[in-house]
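Undergrad:
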Amino acid sequence: MNRKTQIVVVGGGAGGLELVRRLGAKFGRKRHDIILVDKNLSHIWKPLLHEVAAGALDANLDEVGYRGHCYRWGYRFFQGSLEGIDRVAKTIRLAPVRDEDGSELIGSHTIRYDILVLAVGSVSNDFGVPGVKENCLYLDSREQADRFRTRLLNHCLRVSRAMMKDPAADELVRVAIVGGGATGVELAAELYNAAAALSHYGLEVFDESRLKVTLLEAGPRILPLLPEKLSAAARYELGQLGVAVQDTTQVIEARPGALITKCGQTIEADLLVWAAGVKGAEFLAGLGLETNSRNQFVVRDTLQTVTDEDIFALGDCATYTPPGADRPIPPRAQAAHQMANTVYGNIIRKLKGRPLQPFVYRDKGSLVSLSRFSTVGSLMGNLVGGSMAIEGRLARFVYNSLYRLHLLGIHGWFKGTFLMLIGRVNRIVRPRLKLH
Numbered sequence: 203m204n205r206k207t208q209i210v211v212v213g214g215g216a217g218g219l220e221l222v223r224r225l226g227a228k229f230g231r232k233r234h235d236i237i238l239v240d241k242n243l244s245h246i247w248k249p250l251l252h253e254v255a256a257g258a259l260d261a262n263l264d265e266v267g268y269r270g271h272c273y274r275w276g277y278r279f280f281q282g283s284l285e286g287i288d289r290v291a292k293t294i295r296l297a298p299v300r301d302e303d304g305s306e307l308i309g310s311h312t313i314r315y316d317i318l319v320l321a322v323g324s325v326s327n328d329f330g331v332p333g334v335k336e337n338c339l340y341l342d343s344r345e346q347a348d349r350f351r352t353r354l355l356n357h358c359l360r361v362s363r364a365m366m367k368d369p370a371a372d373e374l375v376r377v378a379i380v381g382g383g384a385t386g387v388e389l390a391a392e393l394y395n396a397a398a399a400l401s402h403y404g405l406e407v408f409d410e411s412r413l414k415v416t417l418l419e420a421g422p423r424i425l426p427l428l429p430e431k432l433s434a435a436a437r438y439e440l441g442q443l444g445v446a447v448q449d450t451t452q453v454i455e456a457r458p459g460a461l462i463t464k465c466g467q468t469i470e471a472d473l474l475v476w477a478a479g480v481k482g483a484e485f486l487a488g489l490g491l492e493t494n495s496r497n498q499f500v501v502r503d504t505l506q507t508v509t510d511e512d513i514f515a516l517g518d519c520a521t522y523t524p525p526g527a528d529r530p531i532p533p534r535a536q537a538a539h540q541m542a543n544t545v546y547g548n549i550i551r552k553l554k555g556r557p558l559q560p561f562v563y564r565d566k567g568s569l570v571s572l573s574r575f576s577t578v579g580s581l582m583g584n585l586v587g588g589s590m591a592i593e594g595r596l597a598r599f600v601y602n603s604l605y606r607l608h609l610l611g612i613h614g615w616f617k618g619t620f621l622m623l624i625g626r627v628n629r630i631v632r633p634r635l636k637l638h
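Using our numbering, the first residue of the sequence shown is number 203, and each one after it goes up by one.
1) To test your reading of the DSSP string, which unbroken beta strand (DSSP E) runs of 3 or more residues are found completely within the stretch 236-280?
2) What residues match up with Gln-540 in a beta bridge as DSSP calls it?
3) I believe Asp-518 touches Ser-324 by the beta-carbon criterion, under 8 Å. Please report the beta-carbon distance rounded to the nearest angstrom.
4) Comparing alpha-carbon positions, which option in Val-319, Asp-342, Glu-430, Ala-297 lies nearest Gly-309?
5) If Val-415 sits next to Ala-390, beta carbons under 8 Å apart, how far is it from one beta carbon to the other, in whole angstroms?
6) Please state whether DSSP places Ile-209 in a helix, a strand or coil.
7) Is Ala-515 helix, strand or coil by DSSP?
8) With a 10 Å radius around its C-beta and 16 neighbouring C-beta atoms as the bar for buried, classify Ala-371 as buried or exposed.
9) First and last residue of the alpha helix (DSSP H) that includes Ala-446?
10) What residues match up with Arg-457 in a beta bridge as DSSP calls it?
11) Look at Phe-350 and Ala-255 and say whether their C-beta atoms are less than 9 Å apart.
12) Should Glu-511 go down as buried or exposed, given a rule of 16 or more other Cβ atoms within 10 Å for buried?
13) Determine the extent of the alpha helix (DSSP H) in which Gly-644 is found, giving its start and end residues.
14) Since I believe Ser-244 is in contact with Tyr-268 (beta carbons under 8 Å), could you give me their beta-carbon distance rounded to a whole number of angstroms?
15) Looking only at C-alpha atoms, which of Leu-219, Asp-449, Val-545 sits nearest to Lys-248?
16) Name the one or two DSSP bridge partners that Thr-716 has.
17) If you run the structure through DSSP and keep just helix, strand and coil, what is Arg-551?
18) How far does the beta strand (DSSP E) with Glu-220 in it reach, from first residue to last?
19) When DSSP builds the beta bridges, which residues end up paired with Lys-431?
20) Where does Glu-373 sit, in a helix, a strand or coil, going by DSSP?
21) How many Å lie between Arg-457 and Ala-478 at the Cα?
22) Any chance the stretch 334-342 sits against the stretch 216-232, with 3 or more Cβ pairs inside 8 Å?
23) Could you name the residues of the same chain whose beta carbon sits closer than 7 Å to that of Lys-206, not counting the 5 residues immediately before and after it, in chain order?
24) Using a Cβ-Cβ cut-off of 6 Å (strictly less than) and excluding sequence neighbours within five positions of His-357, which residues of its own chain qualify?
25) Apart from the five residues just before and just after Val-545, which ones in its own chain have a Cβ nearer than 7 Å to its Cβ?
26) Closest to Ser-326 by CA distance: which of Glu-470, Asp-528, Ser-343, Gly-282 is it?
27) Taking the straight line between their C-alpha atoms, what separation do you get for Leu-461 and Gln-452?
28) For Val-500, write down the residues that DSSP places opposite it in a beta bridge.
29) Counting only runs of 4+ residues fully inside the stretch 312-350, write out the alpha helix (DSSP H) ranges in chain order.
30) Taking the beta carbon of Asp-328 as the centre, do at least 16 other beta carbons fall within 10 Å, making it buried, or is it exposed?
31) Throw me the rounded Cβ distance for the Arg-529 and Thr-521 pair, which I believe falls under 8 Å.
32) Kindly indicate which residue of Ser-495, Thr-450, Ala-542, Val-377 has the alpha-carbon position closest to the one of Pro-422.
33) As a quick exercise: from Pro-560, Ser-362, Val-475, pick the residue whose alpha carbon is nearest that of Gln-540.
34) Do you know offhand how far Gly-276's Cα is from Phe-499's?
35) May I have the straight-line CA-CA distance separating Trp-476 from Leu-553, to the nearest angstrom?
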């Protein structure tokens, strides 16, 4: 009996999950084994984590369970964290899976591969700033977003009770966010949306006036990837909400309840959030593949790693600078989607012995949602100047369309369209905030 061709994808994020769906639909299980490995049991689109953190999105309704998804699309799922790669034996080693109390559920084991795809995403980059790991919250995962929401609601409850006891008390929930990119800006706006709704859910004396959000950016302006005009528009909108935006402000230390800036300023806050950049996880540098200073795998134009042609990498964990470009492709969901499409085609070509195709990144622009208040962005296209700035309802429509395209990518057209309709109904019938 001939051995099945085994294609292993490590990481069930936007790119990895779309890739295994397409591979499973293409090959099935007769002559191929398509395997997805992820340490979690479910997937949620990372650009939505700021909404989960603020309570605006119930992740239980929007997450995708890998076990059900793999049954539908003809691939296999293994829970586990990548621990090592043996390129000679062509196997990967997974770390033990442990229960909440530390007891071992699944022991360390290996999985063979003929083709390996690494799509493990990224983590927040603390740039070695002292105290960040110990004192700041991140928004890299569902668990971290849930933790932030729980702590946020606890502080809101504390302020509400204090105001009920003494209406003249000047109690505040103070949140300091480091990083003026899309995540930091969207979280800042979403917090005011949540604060405005809390009075309808049992915190009668709490509203957005009790919230104080400070957004810190080390560069000269927030949203540096957007045109300067749109960056200024976003800053104005945040100011209207009440966000104190401080650009050209570098944080050099994080302490319990406070951030210290390079100019000596101390910014006290109940919640400290670090959203200042991304990098590959530390263990990626020890897997025997070439990485850059941010622990990202260096890949060729075919998205094969420069170290091993049987190993591909895509998404935030990969770094590729197109010919003639002065910087690598940015870590965006649209890049992961396009990379998954290229890797899918190149795996098919590789199995058929055909030449692989180079990856061509097409920048579809950036969109940043300021919750229900505004959406600003830039759509790239064959327009005058190569860019069209969009704001208002059109921007909101396009922003929502990005998530719809993600649903189609991981579920297919039939189920993806059905889930869009369910999503519209859910927005009407379910509560505006998740408070548990």
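C-beta: ideal position from N, C-alpha, C; glycine also.
TA: This is what the structure gives:
1) Qualifying beta strand (DSSP E) stretches: none in this window.
2) Answer by DSSP bridge pairing: none, since Gln-540 is not bridged.
3) 4 Å
4) Ala-297
5) Confirmed, about 5 Å.
6) Three-state result, Ile-209: strand.
7) DSSP places Ala-515 within a strand segment (E or B) once states are collapsed to three.
8) exposed
9) First-last for Ala-446: 446-448, but that is the beta strand (DSSP E), not the alpha helix (DSSP H).
10) Looking at the DSSP assignment, Arg-457 forms a beta bridge with Ala-460.
11) yes
12) exposed
13) The chain is shown only over 203 to 638; residue 644 falls outside these bounds and no answer can be derived.
14) That belief holds up - the Cβ atoms of Tyr-268 and Ser-244 are roughly 6 Å apart, short of 8 Å.
15) Leu-219
16) The structure shown does not extend to residue 716, since the chain is modelled only from 203 through 638, so no value can be given for it.
17) helix
18) Note, Glu-220: premise wrong, no beta strand (DSSP E); alpha helix (DSSP H) at 216-229.
19) Per DSSP, none; premise fails for Lys-431.
20) coil
21) 17 Å
22) no
23) Only Arg-233, His-234, Asp-235 meet the Cβ criterion.
24) Val-375, Asp-472
25) Leu-221, Val-319, Leu-505, Phe-514, Leu-516
26) Ser-343
27) Their backbone Cα atoms lie some 10 Å apart in a straight line.
28) Val-500 pairs with Thr-521.
29) The DSSP assignment places complete alpha helix (DSSP H) segments of no fewer than 4 residues inside the stretch 312-350 at 334-337, in order along the chain.
30) buried
31) Not quite, the Cβ-Cβ distance comes to about 10 Å (not below 8 Å), so this is no contact.
32) Residue Thr-450 holds the alpha-carbon nearest to the alpha-carbon of Pro-422 among Ser-495, Thr-450, Ala-542, Val-377.
33) Closest by alpha carbon: Pro-560.
34) 28 Å
35) Rounded to whole angstroms, Trp-476 to Leu-553 spans 43 Å at the Cα level.
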